[in-house]
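What follows is one structure encoded as structure tokens, with my remarks underneath.
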Amino acid sequence: MLFTKEYEIKYYEQNVNGDLKESALLNFLQDIATLSAESLGFGPSFVFANNYAWVVLKYHIELFAPLRNLSSIVIKTEPRGIAKLYAYRDFELYTKDGQCIGKAVSTWVLIDICTRKLLNTQKILADFMAPYQKRETDLVYEKIDSPDELMYQEVFDVRFDDIDVNRHANNSNYIVWALETLPVDFRLKHSLKTIDIKYKKEIGLNARVLSEAQQILTDGNVQTLHVIKDEQNAQDLTSLKIVWQ
């Protein structure tokens, strides 16, 4: 059930430091998850035929080294099973020489593409996936606190190109909106160590999002806390916690 793919990293997928862009990493994870699911019978062919859509709820990503000056990255993924409404998937990141440089865990749900309601993933995928079983080596999602002191803020329009086939802003946009609030000097001096993302609500075309952030120092680690809101009603859309190195 392990699915592997090597991704060539284009120059436009790297930032000014030569690091793989955060949005590109999330796109790679989304792509290989899709390819893996399709190979096992519950990917796009299955969900589109039934008016379903896969939606990611959470990521926890740990990087053991900066994803810097890489010509390619090898990603391995496996579905970990299902429990009630949720499906779980793990990822491992490698250099082309076989050095493990990161790991990630994720939680997904199926929704009805028309009503946007959650579906019983366990019932629908009973023939495809086994029940989830925890391992001692599993990564753990960290609690994401909301910023309690507003340090950075910016508003973004949701563009046509931000919308994907599920008719909402693609999940990779949220980390762009989050990080764009941070000062350039901070971004130049830091790279990602861990990322926790929790997607709460979706948003569509022609909306505006409010991105708020706070920088804190905890146990010697520089962290930023982020919340992305619907500007119209102030509802939280996504929360992020990032530890930097």
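Residue numbers for the sequence shown follow full-length UniProt numbering, beginning at 1 and rising by one. Ideal Cβ positions, reconstructed from N, Cα and C, are used throughout, including at glycine.
In this structure, what does DSSP give as the bridge partners for residue i?
i, result
"Lys58", "Thr107 and Lys198"
"Tyr141", "Answer is none; Tyr141 lacks a bridge partner."
"Val227", "Glu212 and Ser239"
What number of angstroms, rounded off, separates the C-alpha of residue i from the C-alpha of residue j?
i, j, result
"Gly18", "Ile9", "10 angstroms"
"Ala126", "Tyr52", "16 angstroms"
"residue 249", "Ile163", "The requested residue 249 does not occur in the structure, where the chain is confined to residues 1 to 245."
"residue 258", "Trp108", "Outside the shown range of the chain, which is 1 to 245, sits residue 258, and nothing can be said about it."
"Ile124", "Thr95", "36 angstroms"
"Ser23", "Ala169", "13 angstroms"
"Val243", "Pro44", "33 angstroms"
"Gly204", "Arg167", "7 angstroms"
"Ile175", "Phe160", "17 angstroms"
"Leu210", "Asp157", "9 angstroms"
"Ser36", "Ile228", "29 angstroms"
Once DSSP output is grouped into helix, strand and coil, what is the label at residue i?
i, result
"Asn154", "In the sequence under discussion, the amino acid at residue 154 is Glu, which differs from the Asn named in the question. Reduced to three states, the DSSP call for Glu154 is strand."
"Lys189", "helix"
"Gln245", "coil"
"Ala207", "coil"
"Leu217", "strand"
"Val222", "strand"
"Ala178", "helix"
Between residue i and residue j, is the Cβ-Cβ spacing less than 9 angstroms?
i, j, result
"Glu78", "Leu2", "yes"
"Ile101", "Glu6", "no"
"Ala83", "Phe91", "no"
"Gly81", "Gln133", "yes"
"Thr115", "Ala87", "no"
"residue 273", "Ile144", "Here the chain has residues from 1 to 245 only, and residue 273 is not among them."
"Tyr199", "Val55", "yes"
"Glu154", "Trp177", "yes"
Original post:
At which residue ranges does the UniProt domain "Acyl-ACP thioesterase N-terminal hotdog" (2-132) contain complete beta strand (DSSP E) runs of 3 or more residues, listed in the order of the chain?
Top reply: If we require 3 residues or more, the beta strand (DSSP E) runs fully inside the UniProt domain "Acyl-ACP thioesterase N-terminal hotdog" (2-132) come out as 3-8, 52-63, 72-83, 86-94 and 100-112.
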